[in-house]
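Reading through the structure tokens given below for one structure.
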Amino acid sequence: MNQVLGVIGSPISHSLSPVMHEAAYEELQLNCSYHAFHVESTQLKSAVEGVRSLGLKGINVTIPHKVDVIQYLDHIDPLAEEIGAVNTIVNDQGVLKGYNTDGDGYVYALLQRIGKTLHDKRILIVGAGGAAKGVALCLSKYGVKKMTITNRTSSKAEDLAVICSQYSDTDYLSLGMAQAELAKFDIMINTTSIGMAPNFDQMPLSLENLRKGAFVSDLIYNPYKTKLLIEAENKGSGIMNGVDMFVHQGALAFKKWFNKEAPVQIMKNSVIKHLGGSI
Ligand code: ATR
């Protein structure tokens, strides 16, 4: 019997998850289909009940439901609980289990791209919202040399730094100070929406003081290369856009549903083809 999976969110029509997951099913000849479901907040509870009653194998959860969905699930994985958000639900014979694969997806993506350990890296995280929390928490749990969080609203950077400092040496800086002290960092990660289409000319901070050889990553993939990444590349930095994190969070979700490794490169190719880029 065909097994149904999907993603719920609002808006959802531009989600690349169906393209990516169906590429994996085709590659592995799985008799499954993956659909994008537009779900408004008022319908979230009944949508989650629908996963159970209709027997969907699992779903991804995206904006704006990652936090609110938790109350409707039967079991929350400890990491998702700590992050406070769920992006993957497994329907285990009617028991709905919530996970978060975003942060670990990012760490996997970064490790693949850097090609070596992150234990000796000093990392600057720009932003302290939901995306930043998953990324910062998973990087600090992995164990980095030093992490600094900067954010427009400093109190949120401080709160996140306190959480992360349980696992790795973490502090926070104002945006102005982070910009001034940029040369201290080996890796900079933009987790904010600054530079996302249609605001192509915006950057979260100036790269004037970027250290030679530093690596710059942006969670945004629309545009494919943000102004931040273009400027970093022009300075000779290695760069990574949001495609790698997107693909790896999807691959980790796939593994939770099917208990087997996902065809990561096939998934990535399908996303890149759809976006019409290369990086
Ligand atoms: P997400 O789930 O995508 O992380 P979020 O939780 O709303 O979304 O967080 C958005 C992040 O981008 C925050 O760090 C936010 O800064 P504030 O905490 O000060 O709001 C940051 N952000 C968004 N737009 C910004 C802007 N124009 N300038 C500076 N920071 C911005």
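Counting in the working numbering, the sequence shown runs from 842 upward without gaps.
Cβ atoms here follow ideal geometry from the backbone N, Cα and C, with glycine treated the same way.
Counterpart residues of residue i in DSSP-defined beta bridges
i, result
"residue 1052", "Bridge partners of residue 1052: none, in fact."
"residue 1057", "1029 and 1080"
"residue 848", "877 and 901"
"residue 916", "938"
"residue 929", "901 and 940"
"residue 1011", "988"
"residue 965", "989 and 1029"
For residue j and residue i, believed in contact at Cβ under 8 Å, the rounded distance
i, j, result
"residue 941", "residue 921", "4 Å"
"residue 937", "residue 906", "Residue 937 to residue 906, Cβ: 14 Å. No contact."
"residue 951", "residue 1081", "7 Å"
"residue 978", "residue 1004", "7 Å"
"residue 949", "residue 1089", "4 Å"
"residue 924", "residue 975", "5 Å"
"residue 859", "residue 877", "5 Å"
"residue 973", "residue 966", "6 Å"
"residue 914", "residue 946", "About 20 Å separates the two Cβ atoms, so there is no contact after all."
"residue 872", "residue 903", "Not confirmed; about 25 Å, so no contact."
"residue 1014", "residue 1046", "Wrong, their Cβ atoms sit about 11 Å apart, outside the cutoff."
"residue 954", "residue 1042", "Their Cβ separation, rounded to whole angstroms, is 26 Å, which puts residue 954 and residue 1042 out of contact at 8 Å."
"residue 960", "residue 984", "5 Å"
"residue 851", "residue 881", "5 Å"
"residue 1051", "residue 1076", "6 Å"
"residue 894", "residue 843", "Not really, about 17 Å apart at Cβ, beyond 8 Å."
"residue 1122", "residue 992", "As displayed, the chain neither begins before 842 nor continues past 1120, which places residue 1122 out of reach and without an answer."
"residue 879", "residue 853", "5 Å"
Where the alpha helix (DSSP H) through residue i begins and ends
i, result
"residue 891", "885 to 894"
"residue 866", "858 to 869"
"residue 1018", "1016 to 1021"
"residue 1115", "1105 to 1116"
"residue 1075", "1068 to 1075"
"residue 819", "One cannot answer for residue 819 here, as it falls past the ends of the chain, which runs 842 to 1120."
"residue 1047", "First-last for residue 1047: undefined, no H or E at that position."
"residue 972", "971 to 983"
"residue 1001", "995 to 1005"
Bounding residues of the beta strand (DSSP E) (the contiguous stretch that carries residue i)
i, result
"residue 987", "987 to 991"
Residue-chain proximity (residue i, chain D), Cβ-Cβ < 8 Å
i, result
"residue 1051", "Reference to chain D is not applicable here, since this structure consists of a single protein chain."
Any non-hydrogen atom of the ligand SAH within 7 Å of residue i CB
i, result
"residue 850", "Although the ligand SAH was asked about, the structure shown includes only the ligand ATR as ligands."
**Study point:** Three-pair Cβ contact test at 8 Å for the segment 1026 to 1044 versus the segment 1056 to 1066
**Key:** Between the segment 1026 to 1044 and the segment 1056 to 1066, the count of Cβ pairs shorter than 8 Å is three or higher; the stretches touch.
Point to revise | Touch test, the segment 979 to 994 against the segment 1005 to 1015, Cβ-Cβ under 8 Å, three pairs minimum | key: Yes, since at least three Cβ pairs between the segment 979 to 994 and the segment 1005 to 1015 fall closer than 8 Å, the two stretches touch.
Exercise for review: Would you check if there are 3 or more beta carbon pairs closer than 8 Å linking the segment 857 to 873 to the segment 1102 to 1116?
Suggested key: Judged by Cβ distances under 8 Å, the segment 857 to 873 makes contact with the segment 1102 to 1116, as three or more pairs qualify.
Review point. Hey, is the segment 1067 to 1078 in contact with the segment 1088 to 1097, meaning 3+ C-beta pairs nearer than 8 Å?
Key: With fewer than three CB-CB distances shorter than 8 Å, the segment 1067 to 1078 does not count as touching the segment 1088 to 1097.
Exercise for review: Assess, as a yes-or-no matter, whether the segment 926 to 937 is touched by the segment 993 to 1001 under the definition of 3 or more beta carbon pairs within less than 8 Å.
Suggested key: Here the segment 993 to 1001 makes no contact with the segment 926 to 937; the two share fewer than three CB pairs at distances below 8 Å.
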